[in-house]
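Below is one structure; the comments refer to it alone.
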Amino acid sequence: MDHAATTALRPQALEAMLPYFSERYANASGGYAAAREARAAIDRARAQVAQAIGAKPSEVFFTSGGTEADNWAITGGRDAASYERRRIAVSRVEHHAVLRACEALSARGTEIAWLDVDESGRVRPEQAERVIAPGTSLVSVMLANNEVGTIEPVADIAAIAHRNGALMHTDAVQAVGHIPVNVRVLGVDMLSMSAHKFGGPKGVGTLFVREGVRIGEFMLGGAQERGLRAGTENTPGIVGMGAALELAVQEMETQARKAAMLRDLLAQQVRCMQGVRINGAQDERLPGCLHVSIRNWDSSLLLARLDMEGIAASAGSACASGALERSHVLRAMYPGEADGEWADLRLTLGPENTEADVLSVAAALGRILAS
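One rule links them: number in my numbering = place in the sequence shown (from 1) + 1444.
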């Protein structure tokens, strides 16, 4: 019940990857036939990723994952901006990959303007209008929150950013492969994604950079990724990402319908339990994500008890699983609540989950809360 943290590698993706670990292991930057074969495989994967998000292959840059893509978008977008535009607008519920990059820029003199969220975790466009102003170089608002599943009005915020001469970035790591994502419809200049969130391998991701957008180099060295991101390409990982995303898009409608049905069944089961509150938007949200808070419980204890029942769950982002403090996302949504007042629980469904799983989890949670 923690598919937002990662997903199982699709068998088809593994099958596509295997030859590039062994008989087709050549470096794609070489000039001989075997290297050209590896380059062709990367080009095919680039085209698969581009088609999935409505981009051109030349706008797709491969990275080591979502964190690198986020870091590159924030630092590269700011570095390419004029000196007069020293301001970045960022939502308070972003992934730490965005927040920590902003902290680093702040230490170097960049002004960070924060976009608040309402109790559903959503940035309101009217609030964005007040914060995004001329002099802003970059706006970053995630497409779907990795903790509570709320889908943000990115297209509306992108329009505001562009009216003020700013670039628009969205972290779409939780969204791609699960809901329709089209960079032209969203109007974004940059978009981050990660393969292991939709059945691809870990250690590979993508940054979409709209044609004509200037962005600073992220890795210095060779001429890979059109001279902007040096380093020998992870050919097997890239091939696996392309194969997994193509399949995820093909199956998206069916899988989303199933995940939403199971999510709603789970919500129905837990809603009536004492002290339980369901968090996030109830309309525009990821199909497989249910996030709840439980009054007068401890998150660590609750997760340990669930683990003893054989249930893998989390309080929020896997990147913050060792943190003792309450998630920054929940703090932004409910600024008046004390850290120790609620236990937070994220339950996220995947393709292999069944109705029996949902009923079993609900029964186990009921037993735990009643004990």
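Ideal Cβ placement from N, Cα and C applies to all residues, glycine included.
If you draw a 10 Å sphere on the C-beta of Arg1673, you find 16 or more other C-beta atoms in it, and that means buried. Here Val1537 carries a coil assignment [DSSP, helix/strand/coil]. For Gly1686, the closest of Ala1496, Gly1665, Pro1455, Leu1462 by C-alpha to C-alpha distance is Ala1496. Here Arg1628 has Gly1498 as same chain residues with Cβ atoms under 7 Å from its own Cβ, once five neighbours each way along the sequence are excluded.
Just so you know, the alpha carbons of Glu1785 and Arg1721 end up roughly 12 Å apart.
Annotation: the continuous beta strand (DSSP E) that includes Ile1556 extends over 1555 to 1559. Here Glu1677 is near Ile1486, since their CB atoms are less than 9 Å apart.
Partner residues in the beta bridge of His1735, as assigned by DSSP, are Asn1723, Arg1790.
Ranking Asp1742, Ala1639, Leu1706 by CA distance to the CA of Leu1691 puts Ala1639 first. Counting other Cβ atoms within 10 Å of its Cβ, Asp1783 stays below 16 and is therefore classed as exposed. Per the DSSP secondary-structure output, Gly1649 pairs in a beta bridge with Thr1507, Ser1638. Here the alpha carbons of Ala1470 and Leu1734 stand approximately 44 Å from one another. Pairing Glu1555 with Ala1533, the inter-Cα distance amounts to about 9 Å.
Residue state for Leu1582 is assigned as strand, using DSSP reduced to three classes. Bounds of any beta strand (DSSP E) do not take in Met1717, whose DSSP letter is neither H nor E. Straight across, the Cα-Cα distance linking Ile1576 with Gly1644 is about 36 Å. By the neighbour-count criterion, in which 16 or more other beta carbons inside 10 Å mark a residue as buried, Pro1455 falls on the exposed side. Arg1566 carries a coil assignment under DSSP once its states are collapsed to helix, strand and coil.
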